[in-house]
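Report on one structure; see the data block that follows.
Numbering (the UniProt record's numbering), first residue to last: 1 to 364.
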């Protein structure tokens with residue numbers, strides 16, 4: 001797809017349809033999954049029509065929203081961008097969005113035609129009250145990016161009864177690598193959680209953070225087969241975002257992105273019972289960074305609307321404004337219209353590399 005004829009609306013709408021179709025194939029004829037996904041497929045078509053109606057009014061609505069629903073976490077992972085940005089800490093949460101406020105955000109998102117809301121943190125499963133609210137919005141798929149250490153019988157019942165809630169377990173590779181970053185014993189806790197999900201026939205996924213050095217290992221068929229044997233049906237490849245100047249060399253570059261793009265195409269052909277996604281995805285294919293509402297945006301645990309979780313800047317809060325107003329904030333408009341999101345960059349996050357410009361826009 002050449003850049004000259006690239007249509008972002010079509011790219012996002014088709015991407016949502018592909019996710020649903022591939023997810024249906026990945027359910028192994030599980031009746032609960034098929035029933036939910038068949039209904040969800042209808043919802044995505046309706047959501048696409050809603051977004052198109054807004055587009056005719058000159059208002060772009062993204063398919064994805066990322067909501068960090070807590071600033072608390074029970075782990076201290078090395079290189080965590082949330083802790084580096086102070087979006088996650090060990091203090092008692094202050095001024096955190098309530099469950100009712102989270103529910104209002106979900107309702108607005110549904111009315112805008114947003115089909116996917118990623119629940120993140122901190123550790124999102126700390127906020128069971130918000131996740132219980134999310135179950136009421138069967139029109140929206142909620143991937144829950146979790147460290148997998150808090151799964152219990154109550155959550156198992158919740159996930160079994162509400163298939164729009166999909167746990168995505170964060171894992172770094174094998175036991176040595178995972179425990180080195182996340183803490184001793186976390187890998188075995190993750191395997192236990194995956195085993196519980198498999199035993200209860202509940203679909204789940206894995207989130208793999210890739211760097212310049214580990215991508216080939218994560219893409220190896222031995223590792224993919226291991227996750228498949230655990231019962232994993234969805235794999236997200238998450239591009240590492242530097243947390244400071246010292247970690248820039250870990251950020252993937254064009255060579256790694258090209259490798260991932262090629263391998264994803266092969267994996268989707270080889271494993272027709274699994275779903276493979278990347279985030280933020282190949283920027284060359286998608287016409288630049290999709291943050292600031294081009295393809296997604298972020299709501300932090302205090303209600304601030306941010307371009308993305310790795311760019312913690314906000315000039316508007318959803319407690320005082322609607323999601324639609326947040327998408328039209330000065331900061332978001334300046335980033336979308338000013339060309340920063342389309343700029344070339346060495347690797348990692350374009351907003352990280354241009355943070356001085358982002359801060360200047362915010363201060364103005």
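All residues carry an ideal CB built from backbone N, CA and C; glycine is no exception.
Report, in whole angstroms, the separation of the C-beta atoms of residue i and residue j, which I expect to be a contact under 8 Å.
i           : j           : result
residue 102 : residue 133 : 6 Å
residue 119 : residue 145 : 7 Å
residue 313 : residue 362 : 5 Å
residue 66  : residue 296 : 6 Å
residue 210 : residue 175 : Not confirmed; about 18 Å, so no contact.
residue 123 : residue 73  : 4 Å
residue 234 : residue 171 : With 8 Å as the limit, residue 234 and residue 171 do not qualify as a contact, their Cβ atoms being about 13 Å apart.
residue 300 : residue 87  : 6 Å
residue 201 : residue 30  : 6 Å
Taking the CB atoms as reference points, tell me whether residue i and residue j lie closer together than 8 Å.
i           : j           : result
residue 252 : residue 352 : no
residue 231 : residue 143 : no
residue 305 : residue 336 : no
residue 164 : residue 141 : yes
residue 97  : residue 117 : no
residue 151 : residue 193 : yes
residue 203 : residue 166 : yes
residue 129 : residue 173 : no
residue 186 : residue 75  : yes
residue 228 : residue 274 : yes
residue 320 : residue 329 : no
Determine which residues share a DSSP beta bridge with residue i and list them.
i           : result
residue 308 : 311
residue 60  : In the DSSP output, where bridge partners are listed per residue, residue 60 has none listed.
residue 317 : 304
residue 117 : 65
residue 205 : 168 and 234
residue 184 : In DSSP, residue 184 forms no bridge with anything.
residue 210 : 239
residue 35  : The partner list for residue 35 (beta bridge, DSSP) is empty, contrary to what the question assumes.
residue 143 : 166
Leaving out five residues before and five after residue i in sequence, what residues of the same chain have Cβ atoms less than 6 Å from its Cβ?
i           : result
residue 208 : 218 and 237
residue 64  : 116 and 296
residue 359 : none
residue 327 : 293
residue 308 : 291 and 298
residue 54  : 61
residue 5   : Legend: pLDDT at residue 5 = 43, less than 50; position of this residue unreliable, value from coordinates given subsequently. Same-chain partners within the cutoff: there are none.
residue 181 : 77, 78 and 172
residue 7   : Because the pLDDT at residue 7 is just 48, under 50, the model does not fix this residue reliably, and the value given afterwards should be weighed accordingly. Hits under 6 Å: none found.
With a 10 Å radius around its C-beta and 16 neighbouring C-beta atoms as the bar for buried, classify residue i as buried or exposed.
i           : result
residue 323 : buried
residue 42  : exposed
residue 147 : buried
residue 157 : exposed
residue 78  : exposed
residue 39  : exposed
residue 92  : exposed
residue 215 : buried
residue 364 : exposed
residue 368 : With the chain running from 1 to 364 in the structure shown, residue 368 is simply not present.
residue 57  : exposed
residue 35  : exposed
residue 139 : buried
residue 196 : buried
Spatial neighbours of residue i within its chain, please: CB distance less than 7 Å, with the 5 preceding and 5 following residues excluded, ordered by chain position.
i           : result
residue 46  : none
residue 356 : none
residue 89  : 71 and 83
residue 264 : 276 and 278
residue 334 : 361
residue 198 : 230 and 231
Please find out if some non-hydrogen atom of the ligand NAD comes closer than 7 Å to the beta-carbon of residue i.
i           : result
residue 249 : The model depicted lacks the ligand NAD and carries no ligand whatsoever.
Tell me which residues share the same chain as residue i and place their Cβ nearer than 8 Å to its Cβ, disregarding the 5 neighbours each side in the sequence.
i           : result
residue 50  : 61, 111, 112 and 113
residue 213 : 250
residue 367 : The question about residue 367 has no answer, for the chain in this structure spans 1 to 364.
residue 189 : 148 and 149
residue 154 : 128
residue 183 : 75, 76 and 77
residue 126 : 70, 72, 73, 74 and 150
residue 177 : 214
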